[in-house]
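Asks:
Numbering (the working numbering), first residue to last: 3 to 173.
Shown next as structure tokens:
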């Protein structure tokens, strides 16, 4: 199994750990400093991307804009945990080639309909990781404002963690 598949499983596990221990009121509470979004909204957004990747991989086309908003996973951390465990388990046992070509569509603004572009499984796994770290960083700000403890690596890019480790070791 590639490191990319393992990394996705790791981030899904981090999300599940948070969903398992956060109270629903804090999970769905809008944050004024984060444009009124909620922890649940960001977690749902991330898991939708993983889910769309999974379903799109089967047909060779991933449409990241086919997300469902306002789902139970956005309001109920227990519902999110069920989906996160399912996704984590799926990602943790994949061995599809990261070089496999696929088509991807995402609306980047502008006029007209979003176009399908060519990509690879590996590139899309990298996108999922980067996208998830970005949203986890926002979730981290929300958790910090509510005094919810998170692991120090939550919402921090793997490259940043490696850099910090090298600096701490004096390398």
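Quick reminder that beta carbons are idealized off the backbone N, C-alpha and C, glycines included. The model shown is predicted, which means the values in this text are computed figures rather than measured ones.
Could you tell me the distance, in whole angstroms, from the CA atom of residue 101 to the CA atom of residue 131?
Replies: C-alpha separation (whole angstroms): 17 Å.
Asks: What does the Cβ neighbour count give for residue 171, buried or exposed, with the cut at 16 atoms within 10 Å?
Replies: Under this definition residue 171 is an exposed residue.
Asks: If the criterion is Cβ atoms closer than 9 Å, does the pair residue 42 and residue 76 meet it?
Replies: Their beta carbons are under 9 Å apart, which means residue 42 touches residue 76 by this criterion.
Asks: Below 9 Å between beta carbons: does that hold for residue 25 and residue 79?
Replies: Contact: yes.
Asks: Might you give, ordered along the chain, the residues of its own chain that have their beta carbon closer than 6 Å to the beta carbon of residue 35, omitting 5 neighbours on each side?
Replies: Result list for residue 35: empty, nothing under 6 Å.
Asks: In whole angstroms, what separates the C-alpha of residue 151 from that of residue 55?
Replies: If you take the alpha carbons of residue 151 and residue 55, they lie about 30 Å apart.
Asks: Going by DSSP, what residue range makes up the alpha helix (DSSP H) through residue 73?
Replies: Here residue 73 belongs to no alpha helix (DSSP H), and DSSP marks it neither H nor E.
Asks: Taking all protein chains shown into account, do 16 or more other C-beta atoms lie within 10 angstroms of the C-beta of residue 119, making it buried, or fewer, making it exposed?
Replies: Looking at its Cβ environment, which holds fewer than 16 other Cβ atoms inside 10 Å, residue 119 is exposed.
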